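For the sequence shown, our numbering gives the first residue as 1197, with consecutive numbering after it. We put the CB at the ideal spot given by N, CA and C, even for glycine. The model shown is predicted, which means the values in this text are computed figures rather than measured ones. Working notes, beginning with the structure itself.
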Amino acid sequence: MTPIAPAVQLRQFIAGSWEEGTGAVLSSANPARPGEVVAEGLQATAEHVDRAVRAASDAAAAWAGTPMHERGAVLLRAAGLLERAEESLGRELAREEGKTLAEARGEVARAAQILRYFGNEGDRAAGEVFASPRRGERILVVRKPLGVVGVVTPFNFPIAIPAWKIAPALVYGNTVVWKPASTVPLLAVRLAEALADAGLPKGVLNLLIGPGKLGTALVEHPRLDGLTFTGSTAVGRRLAAAGASRGLPVQAEMGGKNAAIVLKDADLDLAAEQVVLGAFRSTGQKCTATSRLVVDEQVADEFLGRLRTRLDAWAVGDPTDPGVHMGPLISAGAADSVRRGISAAVEEGAALAYEGKGPGDPEGGFYLPATILELPRNPASGAANTAWREEFFGPVLSVRRASGTANAFELANESDFGLSAAVFTQDVTRVLEAVDSIDVGILHVNSESAGADPHVPFGGARKSGYGPKEQGGAAKEFFSHTTTVYLRGGNPR
Ligand code: NAD
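Below, the structure written as structure tokens:
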């Protein structure tokens, strides 16, 4: 049996120093064995928020004046540190968040890849040059940082999502005050340590560990210049409204209710494999997880049978066990909320089409089995069902049958959210129709609805996203603003 690692002491990182908080005790527990404390310490308070924003503000001018190449070099060194620690950080991530060790290691590698991408941005184009309609003139469009950016992040990707916000914020010359989700503070400490060890100057990154209200204090701070948020729709809208009322640029990536659409000509085996991964990897706790399935009625029975067969071999248990496919949910509250959602859906007419096995010995962990709900065939009742409309953020797939391709696309669009979707077909004409008809920020063709690369835009359409997209070239749009320079020489000699 692997010995239990002692709890890591949590501290705040302000103006280049690690210090104890003065708020209530925060313990992050292992969701697979809630008695096991992974990290513990005193939380930050509004006073820490104030000092952190001031430290970031004081550091802003020098950091903005540091050559972009040097800013990028810090990120590249931090990427190397994460890569070298992938195994130990992956294990800590799996223990604190509950995703499998393979996914946790993959997330650490992804964070390093993101730091590398934005680190190299230090040597890429930093603006544009246009011709002028006037002789002797050029028009330059140069980029400048926003200043102090607040970063508020969710629990489900404790290191990759912070990396894809913090790395572009820093390389484009901003300083940062970061408030991670209070359920995953250890991985936040690890990312901040890597950036500090890579040579980030004092005050350029500040980390505050504590409750949601610190995020509110952050957005209300008079010296904050922008806010990037990822998390639930309710919190995102509140923070976006608070920021907008003060004229702050806000980027908010919020909830999803992502559909996989299986058309009648799809490769059903490939689609079944991908839908299972999309719906149940990370225990369904990905913003891009597949939570709705629209399947052509002509292949629906066959397809659901293939899903059941695959799920019969889906092992649920301690995520650090290499044989396990799915770990627990993040907390008892999260598991209760998903259970309540399933009960409401069943009361509203959904049928329990599949319920998988739980772990042999749950040890009090916050487990739920893989669950498939088939929604009523009556279009109005299907559309109105809680399991079709609300994000459960757990291992639950809600199914509706479509009468042909046009109806399948209609059902897929029947959501307030528009983060991602996956379409399964072998017909390029249907693929082109899907590109035109399905209103989402990210569309996968013959692959699961989750998955994102750092060099291309990431974010939702409709009510899933607010403000500029993240990652790739899109990140520059949020983390910097332009100054247009009409450039003429003096009098010709
Ligand atoms: P959450 O909204 O509960 O928390 C997100 C962050 O906001 C945390 O740091 C939290 O402490 C903070 N917060 C909570 N209440 C606050 C308040 N009143 N004021 C200010 N800050 C507050 O979300 P979560 O449970 O950590 O994450 C799950 C959610 O995140 C899901 O809805 C998921 O879809 C979404 N998500 C979206 C994306 C995306 O890119 N669209 C990616 C990952 C997760």
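| Query | Result |
| --- | --- |
| Element boundaries [beta strand (DSSP E), containing K1453] | Looking at the DSSP string, K1453 is not in any beta strand (DSSP E), and its letter there is neither H nor E. |
| CA-to-CA distance, S1224 to L1564, given in whole angstroms | 20 Å |
| DSSP three-state assignment for E1666, whether helix, strand or coil | strand |
| Three-state secondary structure (DSSP) of R1626 | helix |
| Beta-carbon proximity list for A1327, same chain, < 8 Å, skipping 5 on both sides | R1334 and I1335 |
| beta-carbon K1665 near ligand 1 non-hydrogen atom, thresh 7 Å | no |
| Same chain, Cβ closer than 6 Å to S1616, neighbours up to 5 away in sequence not counted | N1454, T1484, V1636, I1638 and S1645 |
| Among A1258, A1467, E1293 and Y1313, nearest to S1643 - alpha-carbon criterion | A1467 |
| Exposure label - V1337; buried when at least 16 CB within 10 Å | exposed |
| Closer than 7 Å: L1435 CB and nearest ligand 1 heavy atom | yes |
| Under the three-state DSSP convention, the category S1599 falls into | coil |
| Which listed residue (E1216, F1613 and V1372) has its alpha carbon closest to that of A1260 | V1372 |
| Candidates A1258, L1271, E1416 and P1341: closest to T1679 by CA position | P1341 |
| The region 1358-1370 in contact with the region 1301-1317 per 3-pair CB rule at 8 Å | yes |
| Range covered by the beta strand (DSSP E) that runs through F1654 | Per DSSP, F1654 belongs to no beta strand (DSSP E) and is neither H nor E. |
| Residue(s) in a DSSP beta bridge with H1677 | K1340 |
| Contact test: L1615 Cβ vs ligand 1 heavy atom, cutoff 7 Å | yes |
| Range of the contiguous beta strand (DSSP E) that encloses L1423 | G1422 to T1426 |
| Length of the line joining the Cα atoms of E1673 and P1653 | 11 Å |
| Local Cβ density within 10 Å of P1202, reported as buried at 16 or more and exposed below that | exposed |
| 6 Å Cβ shell around G1655 - same chain, five flanking residues per side excluded | E1449, G1637, G1661, K1665 and E1666 |
| Secondary structure, beta strand (DSSP E): runs of 3+ residues fully inside the region 1479-1543 | 1486-1492 |
| Cutoff 7 Å; reference A1256; Cβ partners in own chain excluding five residues on either side | G1343, V1344 and T1371 |
| Inter-residue CB distance, L1401 and L1410 (contact presumed, cutoff 8 Å) | Not quite, the Cβ-Cβ distance comes to about 16 Å (not below 8 Å), so this is no contact. |
| Any non-hydrogen atom of ligand 1 closer than 7 Å to W1347 Cβ | Correcting the residue type first, residue 1347 is Val in the shown sequence and not Trp. V1347 Cβ: outside cutoff for every heavy atom of ligand 1. |
| Proximal residues to G1537 (C-beta, below 8 Å), its chain only, five neighbours per side dropped | T1582, A1583, E1586, F1588, G1590 and V1592 |
| Alpha-carbon to alpha-carbon, M1264 and L1420 | 22 Å |
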